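In this text, residue positions in the sequence shown follow this note's numbering: the first is 12, and each later residue adds one. Here a beta-carbon is modelled for each residue, glycine too, at the ideal position from N, C-alpha and C. Predicted model only: the values in this text are computed from it and were never measured.
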Amino acid sequence: MKIIDISEPALVFRQDDSISKVIAKMLSERRGEAVITDGKELKGVVFSNSLVRRNITNPDKTKISGFIEYMSPVDAGTPVRDIISSVLMNDYKSVLVEGDDGPRFATKLGMLNAVMKEPELKGKKAKDVMNSPHYVRSDDSISVAVSMLRDTGVSRLPVVGDDMKVEGLVESIDMLRMNTGRSRMREGEEAGEKLSMGGVKVSGIMLKDFPVAEQDACITDVIKGMMEKGIPTSLVSKGGRLLGIITPKPILRLLSGKPEGVHVRISGLQEEDEYIRSVIDEEIASEIKKLGKIIPIDYMVMHVDRYHKQGKRKKYSVKSRLVTEKGMFFADDYAWDLTKAVSSVLSKLEREVMKKKGKAKSRA
12 MKIIDISEPA LVFRQDDSIS KVIAKMLSER RGEAVITDGK ELKGVVFSNS LVRRNITNPD
72 KTKISGFIEY MSPVDAGTPV RDIISSVLMN DYKSVLVEGD DGPRFATKLG MLNAVMKEPE
132 LKGKKAKDVM NSPHYVRSDD SISVAVSMLR DTGVSRLPVV GDDMKVEGLV ESIDMLRMNT
192 GRSRMREGEE AGEKLSMGGV KVSGIMLKDF PVAEQDACIT DVIKGMMEKG IPTSLVSKGG
252 RLLGIITPKP ILRLLSGKPE GVHVRISGLQ EEDEYIRSVI DEEIASEIKK LGKIIPIDYM
312 VMHVDRYHKQ GKRKKYSVKS RLVTEKGMFF ADDYAWDLTK AVSSVLSKLE REVMKKKGKA
372 KSRA
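The structure is reproduced here in structure tokens:
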């Protein structure tokens with residue numbers, strides 16, 4: 012099966028559209044990704060899980076252009092299995108496909124449906140691919156859930172009640188509602204009062220109809236459950252109590268060897284000089300090579316924000332997340348010089364990795 016066969020037309024916006032407009036359409040369509048253009052050419056993509064982690068104070072007046080991530084479209088004729096390694100290595104939420112009728116997206120859920128009968132999945136059970144979940148309680152505020160998304164890098168959280176009983180599931184796209192107005196829930200409406208994340212409980216936005224599986228359920232049944240609900244997640248329970256969570260990534264990993272190389276995703280550099288971008292790329296590549304000798308790395312995410320503080324000078328804020336087999340590492344810093352801010356963040360990540368290595372040795 013080819014990637015075009017499991018894709019669907021993308022939501023498309025212009026780079027000068029407001030964040031509120033983009034979010035409203037994402038919510039109404041239940042879509043977690045969108046393409047951004049300048050009216051003619053592709054500028055990049057935006058994802059709901061990235062937007063919800065940002066502190067957007069005025070979504071009606073903030074342009075989406077500052078939140079773009081670049082993604083190269085894949086050829087429509089690429090076999091689904093051939094794209095899996097790239098999806099894993101780059102930690103793609105969806106794959107951008109170059110279709111004859113315009114840009115399209117192929118989701119991980121669509122990929123699971125396409126490979127459901129592959130021999131590598133035969134005999135595998137839910138417990139073979141489930142992970143220990145981060146979770147929130149139904150009476151937690153949405154601000155707690157957003158903080159967990161920012162700190163852990165996950166895109167969805169199980170919701171539990173007393174005695175760890177499963178009550179719901181909250182996804183990043185549902186929390187986007189907090190970044191738009193009360194009255195602007197559909198495209199074209201006027202801006203309204205922004206909702207307070209601290210004043211709304213998770214139970215108010217959580218999904219109550221979602222996939223749940225027993226730990227001994229076969230993977231094909233788990234995938235079918237996801238497809239029936241249209242949700243790329245299945246919770247695993249026993250006696251109603253939460254045991255784990257299954258997402259597409261560990262299932263797709265069964266169909267691919269461990270991806271080679273380390274992907275680095277950087278956002279917020281679109282307006283920077285090409286030379287500055289090349290300097291940053293070289294510095295990051297050097298640091299990744301060094302850290303890779305210490306700890307196995309999956310990928311790195313870095314975001315750059317800029318602030319105008321003194322005339323035309325720009326102050327930069329850099330935040331980064333390093334995902335490894337031993338856990339995640341976070342660092343941030345700011346400076347008037349972008350390269351200095353990036354260098355400082357990389358140094359902080361290196362210190363955190365070395366600290367982790369030292370603790371591991373002391374326990375040995």
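- Separation of the CB atoms of Ile299 and Val275 is rounded to 7 Å, and the pair is thereby assigned contact status at 8 Å.
- Phe116 sits in a strand when the DSSP states are folded into three classes.
- Excluding residues up to 5 positions away in sequence, Ile230 lie with their Cβ nearer than 6 Å to the Cβ of Lys135 in the same chain.
- Contact fails between the stretch 74-87 and the stretch 251-261, because fewer than three Cβ pairs, one in each stretch, are under 8 Å apart.
- Partner residues in the beta bridge of Glu19, as assigned by DSSP, are Phe116.
- Residue burial is scored here from C-beta neighbours: Glu44 has at least 16 other C-beta atoms within 10 angstroms and is therefore classed as buried.
- Contact between Val247 and Met141 holds, since their C-beta atoms are separated by about 5 Å, short of 8 Å.
- As DSSP reads the structure, Gly255 sits in a beta bridge with Val247.
- The three-state reading of DSSP puts Ala45 in strand, counting E and B together.
- When beta bridges are read from the DSSP output, Gly179 appears opposite Val170.
- Looking from the CA of Gly338, the closest CA among Pro307, Val312 and Ser354 belongs to Pro307.
- Straight through space, the alpha carbons of Ile256 and Val165 are spaced by roughly 11 Å.
- Contact between Met238 and Leu120 holds, with the beta-carbon distance rounding to 7 Å and staying under 8 Å.
- Put simply, of Asp71, Val233, Ser29 and Met365 the residue whose alpha carbon is nearest the alpha carbon of Pro243 is Val233.
- Annotated three-state conformation of Gly121 is helix, per DSSP.
- Between Ala117 and Ser18, the CB-CB gap stays under 8 Å.
- Rounded to the nearest angstrom, the gap between the Cα atoms of Arg332 and Lys176 is 31 Å.
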